[in-house]
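Participant: Going line by line, the protein sequences match chains A and B.
Okay, so the first sequence: first residue is 1 according to full-length UniProt numbering, each after it adds one.
Okay, so the second sequence: first residue is 1 according to full-length UniProt numbering, each after it adds one.
First, the structure itself, so that you have it in front of you.
2 protein chains.
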Amino acid sequence: MSKNETRSANRKSDIISAAIEVFAETGYFRATTAQVAERAKISQPYIFRFFSTKEALLLTALEVSWTRIIDSFRKVVESASPEQLETDLIRAYEEILNTYQNEVLLQMQAQTIREDSIREAMRGGFREVRRMVLDAFRAAGIPNAEERTMLFLARGMLCNISAALLMPELMET
Amino acid sequence: MSKNETRSANRKSDIISAAIEVFAETGYFRATTAQVAERAKISQPYIFRFFSTKEALLLTALEVSWTRIIDSFRKVVESASPEQLETDLIRAYEEILNTYQNEVLLQMQAQTIREDSIREAMRGGFREVRRMVLDAFRAAGIPNAEERTMLFLARGMLCNISAALLMPELMET
DNA sequence: AAGATTAGTGATTCATCAATCAGTCAACCT
DNA sequence: AGGTTGACTGATTGATGAATCACTAATCTT
Numbered sequence: 001m002s003k004n005e006t007r008s009a010n011r012k013s014d015i016i017s018a019a020i021e022v023f024a025e026t027g028y029f030r031a032t033t034a035q036v037a038e039r040a041k042i043s044q045p046y047i048f049r050f051f052s053t054k055e056a057l058l059l060t061a062l063e064v065s066w067t068r069i070i071d072s073f074r075k076v077v078e079s080a081s082p083e084q085l086e087t088d089l090i091r092a093y094e095e096i097l098n099t100y101q102n103e104v105l106l107q108m109q110a111q112t113i114r115e116d117s118i119r120e121a122m123r124g125g126f127r128e129v130r131r132m133v134l135d136a137f138r139a140a141g142i143p144n145a146e147e148r149t150m151l152f153l154a155r156g157m158l159c160n161i162s163a164a165l166l167m168p169e170l171m172e173t
Numbered sequence: 001m002s003k004n005e006t007r008s009a010n011r012k013s014d015i016i017s018a019a020i021e022v023f024a025e026t027g028y029f030r031a032t033t034a035q036v037a038e039r040a041k042i043s044q045p046y047i048f049r050f051f052s053t054k055e056a057l058l059l060t061a062l063e064v065s066w067t068r069i070i071d072s073f074r075k076v077v078e079s080a081s082p083e084q085l086e087t088d089l090i091r092a093y094e095e096i097l098n099t100y101q102n103e104v105l106l107q108m109q110a111q112t113i114r115e116d117s118i119r120e121a122m123r124g125g126f127r128e129v130r131r132m133v134l135d136a137f138r139a140a141g142i143p144n145a146e147e148r149t150m151l152f153l154a155r156g157m158l159c160n161i162s163a164a165l166l167m168p169e170l171m172e173t
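Below, the structure is given as C-alpha cells:
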C-alpha cells in the first residue's frame, strides 16, 4: 500500500518535472501531452490518471515553481543578517534561476495566460513573495521598505528576461 | 494603382492590428488564423496573401510594437529637460501600457518563445530601447547611468506584469 | 492459488488548424 | 464590349492533439 503510494507519487512528480521541461522549452500551448509523456517515460493517456486536464498539470507545475522560490526565500529571511538580507535574497534568486531556469520560464509564460485559475496561481505566488520580502525588509529596518521591495521584484523580473533572451547586457551596471 | 496600394496597405495593417489583439487575448500558439481573419473582417486564407506564415505575422506585429515604444521614447528624449527625463520616460511608457496594452502583452509572450527569428526581434527591441535610454541618461548627466538604465527597464518589466495580472500592489511604493 | 485491486497501454475519437487550390467577382483599360 | 488584372473567398487537405475507452499485466491480499 505505502509502496504503491510511493510509486504513484513518483510517477506524479515525474510527470510534473517532465511537464515543466517540455512546457518551458516548447511553450505551454504548443507543447503536447504526448511530449510530456515521452519525457516522463510513460504513455500519453496515463497522464490523465493524475491530472484531469492539461491545464491542471500546468497549475500543479506552477505551484511547484512558486514553492521553490518561497521556500528558498524563507530560509534566507530566517537566517540572514539585516545588512546581508537583500544581497542574500538576490543570490538565492540567481541560484534558482541557474538551477531551475525552466520553472522561471514557465512562470514567465503564465504571466500572460488569461485563464482565471492560472492567473490566481500567479497572483498568489507574487503576493506571497512580495509579503515575505516586504516584511523582512521592514524587520531589518531598511528604509523605504515598500520601494525597495518593488525594486527588488523589478530587478528579478528583468533578470528573468535577461536570462530568457540570453542578453546579459540587460543586467549590466 | 496608388488606390490599390492604399487598400492593400490598409488590409495589411488591419490584419496586423487584429493579430495583436487576438494573439494578446488568446495567446499566440492557441490563437488561430481564423480568429485573426474574423477580427480583421477578411477570410482566413487571405491572411496568407500578406504573410507567408503565422509566424511571419507575429514577427511583423512585434516590430510594430517595438516601433511604438522606440518612437515614443525618441520624442521624449529629444524634448525633455534633463531633470524631467526619467519622469517623462516613465510617463510615456505608462501611456503606452494604457493605450496599447495588447502590444505589451504580445511582447511579454514573445520573451519566452524560442524561435530564432522571434528572439532576434526581441533582442533588437530591447537593445535599441536600452541604448536610447542609456545615451539619454548620460547626456542628461545622470550619475550611475548604467544602473539607472537597468532599474528603469526593470521597473518597466514589473509594470507590465502588474498590468497583466491586474495586481496594482506590485507597483506600490 | 484464486480473486481483487492497481499500474499501465494501444487504439480510437472528434475536433481543430495552418496552409493550398481553384475559382468568383469587380474595376479598370482600350 | 471584351479582355486583363488584382482583390478576395469557399472548399479542402493533411496533420495533429486532448481526452476516452477498452483492455492487459502486475502486484497485493487472504
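From the three backbone atoms N, C-alpha and C, an ideal C-beta is built for every residue, glycine too.
Compare the C-beta of Ala121/B with all C-beta atoms of chain A and state if any pair is closer than 8 Å.
Facilitator: Not one chain A Cβ lies under 8 Å of Ala121/B.
Participant: So which of Ala154/A, Arg114/A and Ile142/A has the shortest CA-CA distance to Asn129/A?
Facilitator: Reading off the sequence shown, one finds Val at residue 129/A, where the question assumed Asn. Considering only alpha carbons, the answer is Ala154/A.
Participant: Quick check on DSSP: helix, strand or coil for residue 175/A?
Facilitator: Absent from the structure is residue 175/A, since the part of chain A shown begins at 1 and ends at 173.
Participant: Any Cβ of chain A within less than 8 Å of the Cβ of Met132/B?
Facilitator: Judged by the 8 Å Cβ criterion, Met132/B is not in contact with chain A.
Participant: Report the rounded CA-to-CA distance for Glu169/B versus Arg148/A, giving the unit in angstroms.
Facilitator: Each residue's Cα considered, the two are about 14 Å apart.
Participant: Got a sec, what are the start and stop residues for the alpha helix (DSSP H) Glu147/A sits in?
Facilitator: That run of the alpha helix (DSSP H) goes Ala145 to Ala164.
Participant: Identify whether Pro82/B lies in helix, strand or coil by the three-state DSSP scheme.
Facilitator: Coil, per DSSP.
Participant: Reducing DSSP to helix, strand and coil, say where residue 176/B ends up.
Facilitator: Beyond the ends of chain B as shown, which are 1 and 173, falls residue 176/B; an answer cannot be given.
Participant: Which class does Met132/A belong to by DSSP, given the choice of helix, strand or coil?
Facilitator: DSSP places Met132/A in helix when its eight states are reduced to three.
Participant: Mind checking Thr32/B: buried by the 16 CB within 10 Å criterion, or exposed?
Facilitator: Its Cβ having fewer than 16 others within 10 Å, Thr32/B is exposed.
Participant: If you run the structure through DSSP and keep just helix, strand and coil, what is Arg30/A?
Facilitator: Of the three classes helix, strand and coil, the one that applies to Arg30/A here is coil, per DSSP.
Participant: For the pair the stretch 26 to 46 of chain A and the stretch 68 to 79 of chain A, tell me if three or more CB-CB distances fall below 8 Å.
Facilitator: No, the stretch 26 to 46 of chain A is not in contact with the stretch 68 to 79 of chain A.
Participant: Per DSSP, what kind of secondary structure is Ala140/B in: helix, strand or coil?
Facilitator: Coil, per DSSP.
Participant: Under 7 Å Cβ-Cβ, which residues of chain B neighbour Glu21/A?
Facilitator: Under the 7 Å cutoff, chain B gives no residues; its nearest Cβ is about 13 Å from Glu21/A.
Participant: May I ask you to report which of helix, strand or coil DSSP gives residue 199/B?
Facilitator: What the structure shows of chain B is the stretch from 1 to 173, and residue 199/B is not part of that stretch, so it cannot be assessed.
Participant: For Met167/B, which three-state DSSP category applies?
Facilitator: DSSP places Met167/B in coil when its eight states are reduced to three.
Participant: Got a sec, what are the start and stop residues for the alpha helix (DSSP H) Glu103/A sits in?
Facilitator: From DSSP, the alpha helix (DSSP H) with Glu103/A extends over Gln101 to Ala110.
Participant: Can you confirm whether Gly27/A, when its beta carbon is compared against all beta carbons of chain B, has any partner nearer than 8 Å?
Facilitator: True, the Cβ-Cβ gap to chain B drops below 8 Å.
Participant: Given a threshold of 16 other Cβ atoms within 10 Å of its Cβ, counted over all protein chains shown, does Asn160/B qualify as buried or as exposed?
Facilitator: Answer is buried; the Cβ neighbour count reaches 16.
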